[in-house]
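Remarks on the structure that follows.
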Amino acid sequence: MEMPSDAFEAQIFESEGIAYASEKSSAHQRFRRNHHLATTICSMVMFSKNRRNNGIQLHNGIRFLACGVSERVNNYLHKLALTCSRQTAIDALETLAIHAV
């Protein structure tokens with residue numbers, strides 16, 4: 001992946017949990033990768049036990065909807081607990097639109 005050229009853009013990516021900057025030490029890279037993996041797995045387990053714990057899944061669902069991911073792929077990722085249902089993402093966007101006005 002290409003690193004962002006703008007420092008502000010890099011800061012936005014970092015706040016969203018997206019890091020494109022290369023790490024200086026391999027130990028730090030390993031730590032970040034393991035931390036991200038553990039966070040994703042814990043989120044998947046929490047989501048499968050209680051659908052109210054859907055922060056990461058909702059974030060992914062809205063992003064996938066905006067990127068045009070097909071409903072079939074979204075359903076597959078939903079069964080893997082990596083995203084919310086398409087209808088949940090649409091409902092969340094409608095709620096955001098109502099509160100934005």
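Residue 37 in full-length UniProt numbering sits at position 37 of the sequence shown; the count goes up by one each step and never skips. Even glycine gets a Cβ: it sits at the ideal position worked out from N, Cα and C.
Task: Within 8 Å, strictly: CB atoms of Ala38 and Gln57 - done: no
Task: C-alpha gap between Met1 and Thr40, whole angstroms - done: At Met1 the pLDDT is 48, less than 50, meaning the model places this residue with poor confidence; the figure from the coordinates comes in the next sentence. Between the C-alpha atoms of Met1 and Thr40 there is a straight-line separation of about 21 Å.
- [ ] Ignore the nearest five residues each way along the sequence and tell me which others in Ala89's own chain have a CB closer than 6 Å to its CB.
- [x] Gly61, Ile62 and Leu65
Task: Bounding residues of the alpha helix (DSSP H) (the contiguous stretch that carries Ala89) - done: Arg86 to Ala100
TODO: Report the three-state DSSP secondary structure of Ala81 (helix, strand or coil).
DONE: coil
Open item on the list: By the three-class DSSP mapping on this structure, what secondary structure does Arg52 have?
Closed with: Under the three-state reduction of DSSP, Arg52 is assigned to coil, being neither helix nor strand.
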